[in-house]
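In my numbering, the protein residues as written are 30 to 313.
Each residue gets a CB set at the ideal place from its N, CA and C atoms; glycine is no exception.
The structure presented is a predicted model; accordingly, all values stated were derived computationally and were not measured.
Let me begin by presenting the structure, written as structure tokens, before commenting on it.
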């Protein structure tokens with residue numbers, strides 16, 4: 030299928046195209062007219078190759094559609110209601126197999142969950158000790174389970190990026206992990222493009238707060254590399270010296286990280302922790 034429809038596949042520089050998954054075809058366009066033209070071309074191409082669409086399973090000119098457990102609307106993406114119901118109905122795990130299954134379900138939507146990998150640390154720690162005979166789903170585990178479910182219950186929305194427009198990346202690191210949110214101004218409104226979080230590996234050497242913050246920024250940049258390359262980017266962090274450090278530091282220990290940052294069209298701004306908290310909740 031990919032070879033047959035290769036000329037229509039998603040590309041950053043095209044306003045219409047298709048996304049394929051096995052034998053499912055998801056087409057998109059910026060207008061009904063463009064979508065109609067795309068549909069005609071795709072159907073003709075399939076017909077020329079001896080392939081047909083299943084009419085009963087097809088939806089044309091929809092403003093929202095479920096695809097791969099996500100609901101795609103007009104410039105918004107959210108988890109599908111059916112899949113979220115499954116997560117909401119999932120009982121508190123009583124063994125590591127159930128913990129692993131739950132983590133697999135919610136991590137599928139980690140791009141929609143603020144600080145997912147950080148919040149779920151107690152559950153991941155359970156899997157480290159899965160050979161223990163005693164299974165203890167502690168109060169911390171219950172709190173993490175409930176917090177993630179609460180976020181997902183609202184079916185949090187993210188927006189697809191508009192390439193060429195500036196991005197804003199808010200990064201906050203601690204000694205254990207990094208959390209980041211990617212924003213973009215679209216039609217006068219600040220939209221969440223995605224959430225990223227990751228637990229740090231154990232530090233080989235004692236690191237300063239600035240180095241920890243810097244490493245978190247690098248991890249977030251690497252995660253969003255494909256989206257950010259070629260676009261103007263503002264990084265928000267709550268470490269005041271970061272901007273001057275990146276511009277002026279000659280520290281050999283972090284030179285590789287500084288080179289990565291300076292490879293972007295980037296501006297680093299300070300935001301105090303309280304302001305960043307409000308911003309992540311959509312208040313600033």
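Around the C-beta of residue 300, are 16 or more other C-beta atoms found within 10 angstroms, so that it is buried, or is it exposed?
buried
Inspect the beta-carbon positions of residue 181 and residue 147 and report whether they are closer than 8 Å.
Pairing residue 181 with residue 147 gives a Cβ-Cβ distance that is not under 8 Å.
Determine the burial state of residue 156: buried for a count of at least 16 other Cβ atoms within 10 Å of its Cβ, exposed for fewer.
exposed
Kindly provide the ranges of any alpha helix (DSSP H) runs that are 4 or more residues long and lie completely inside the stretch 95–163, ordered along the chain.
Entirely contained in the stretch 95–163, the alpha helix (DSSP H) runs reaching 4 residues are, in chain order, 110–117, 125–136, 145–148, 150–157.
Residue 208: first and last residue of the uninterrupted beta strand (DSSP E) it sits in
206–215
Buried/exposed call for residue 283, threshold 16 Cβ in 10 Å:
buried
Through-space distance from residue 273 to residue 237, alpha-carbon basis:
16 Å
Pull up the CB-CB distance for residue 246 and residue 290, whole angstroms please, since I reckon it's below 8 Å.
7 Å
Taking the continuous alpha helix (DSSP H) assigned at residue 289, which residues delimit it?
Where residue 289 is concerned, the enclosing alpha helix (DSSP H) stretches over 284–291.
Does the stretch 156–166 come into contact with the stretch 115–127, if we say contact requires no fewer than three beta-carbon pairs (one atom in each stretch) closer than 8 Å?
yes
Pull the bridge partners of residue 265 from the DSSP assignment, please.
Partner(s): 199, 298.
Taking just the CA atoms, how far does residue 172 sit from residue 116?
16 Å
In the structure shown, what three-state DSSP assignment does residue 230 receive?
coil
When DSSP builds the beta bridges, which residues end up paired with residue 193?
Looking at the DSSP assignment, residue 193 forms no beta bridge with any residue, so it has no partner.
Assigned secondary structure, residue 312 (DSSP; H/G/I helix, E/B strand, else coil):
At residue 312, the pLDDT of 35 sits below 50, so the modelled position is not reliable and the matter cannot be decided from this model.
Residue 294 versus residue 186: straight-line alpha-carbon distance, rounded:
27 Å
As an exercise, report each continuous beta strand (DSSP E) stretch of at least 3 residues that is fully enclosed by the stretch 34–83, in chain order.
46–50, 53–57
Would you mind sorting residue 318 into buried or exposed? The rule is 16 or more other CB atoms within 10 Å of its CB.
With the chain running from 30 to 313 in the structure shown, residue 318 is simply not present.
Limits of the unbroken alpha helix (DSSP H) element including residue 246:
238–252
What number of angstroms, rounded off, separates the C-alpha of residue 260 from the C-alpha of residue 139?
24 Å
Out of 248, 257, 55, state which residue places its alpha-carbon closest to the alpha-carbon of residue 226.
It is 248 whose Cα lies nearest to the Cα of residue 226.
Name the two residues that bound the continuous alpha helix (DSSP H) containing residue 235.
Run containing residue 235: none; DSSP gives neither H nor E here.
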